[in-house]
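Enquirer: Take a look at this one; I'll ask things after.
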Amino acid sequence: MGRRIMWGTTLVVSLLVLVAVMGYQMNYFLSYPVNVDVQVIHSTSLRFPAVTICPYPRNNMMTMGRSPLAVREAYQQVVGEEYPGLRNASRELENLLNTKDLWDATAWNVSAMIHECYQGRGVLCNETGAFTLIYTLFGPCLTFRGAPTTLAGSYHGLYVKLG
Numbered sequence: 099m100g101r102r103i104m105w106g107t108t109l110v111v112s113l114l115v116l117v118a119v120m121g122y123q124m125n126y127f128l129s130y131p132v133n134v135d136v137q138v139i140h141s142t143s144l145r146f147p148a149v150t151i152c153p154y155p156r157n158n159m160m161t162m163g164r165s166p167l168a169v170r171e172a173y174q175q176v177v178g179e180e181y182p183g184l185r186n187a188s189r190e191l192e193n194l195l196n197t198k199d200l201w202d203a204t205a206w207n208v209s210a211m212i213h214e215c216y217q218g219r220g221v222l223c224n225e226t227g228a229f230t231l232i233y234t235l236f237g238p239c240l241t242f243r244g245a246p247t248t249l250a251g252s253y254h255g256l257y258v259k260l261g
């Protein structure tokens, strides 16, 4: 019985301390006035940055930017022999094709990865700019160059849904 009284007293005292601390903190929070100063500055000289999207090599840096299925299809179209495996097929295609043709034949379809794209709130990317195909160290990538913007901030950025 004594232990129950001790635990009950401890619980009640703990709850009273909790309520007292919360009350003190609420009183402290409400005692100071809150001023919010918001400035919206429209600028005609803001430039929207170019954004580049490249596929990431998940397993092997040697196949960076290349789809294994596309390598197989390109090998069978160009060489016409039995597929020797990704590494050997890639080497043989590198010897037969120039770099641009190799990337075009074996690259990931980056544009198919973009399901939705907005520049700002509710404005489609196609209305404000365009994605252009560029060739980088990572293979073919898409770069978006949007229209100049008049407002800065996260609500006026680029929103891309990849799949």
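In terms of the numbering used here, the sequence shown is residues 99 to 261. C-beta: ideal position from N, C-alpha, C; glycine also.
Cα-Cα, which of H254, M120, E179 is closest to T226?
Expert: On the sequence shown, residue 226 is found 128 positions in, with the first residue counted as 1. It is H254 whose Cα lies nearest to the Cα of T226.
Enquirer: How big is the Cα-Cα spacing for R243 and N224?
Expert: Looking up residue 243 in the sequence shown gives position 145. Looking up residue 224 in the sequence shown gives position 126. Cα-Cα distance, rounded: 10 Å.
Enquirer: Could you check the C-alpha separation between T161 and F236 for me, to the nearest Å?
Expert: Position 63 of the sequence shown, counted from the start, is the residue given in the question as residue 161. Position 138 of the sequence shown, counted from the start, is the residue given in the question as residue 236. Since pLDDT at T161 reaches only 49, below the 50 mark, its modelled position is unreliable, and the value read off the structure follows with that caveat. Going from the Cα of T161 to the Cα of F236 covers about 10 Å.
Enquirer: Is there at least one Cβ from chain B nearer than 7 Å to Y122's Cβ?
Expert: Looking at the structure shown, chain B is missing, and only one protein chain is on hand.
Enquirer: I need the DSSP call for T107, collapsed to helix, strand or coil.
Expert: To locate residue 107, count along the sequence shown from 1; it is residue 9. If DSSP states are grouped into helix, strand and coil, T107 belongs with the helices.
Enquirer: How about R170 and Y181: are their beta carbons less than 7 Å apart?
Expert: On the sequence shown, position 72 is the one that residue 170 refers to. On the sequence shown, position 83 is the one that residue 181 refers to. Yes; because the gap between Cβ atoms is below 7 Å, this pair is in contact.
Enquirer: Can P269 and W201 be called in contact, C-beta distance under 7 Å?
Expert: As shown, the chain starts at 99 and ends at 261. That puts residue 269 outside it, with no answer to give.
Enquirer: Any idea if G218 is buried or exposed, counting beta-carbon neighbours within 10 angstroms, 16 or more meaning buried?
Expert: As a first step, residue 218 is located in the sequence shown; it is residue number 120 there, counting from the start. Buried.
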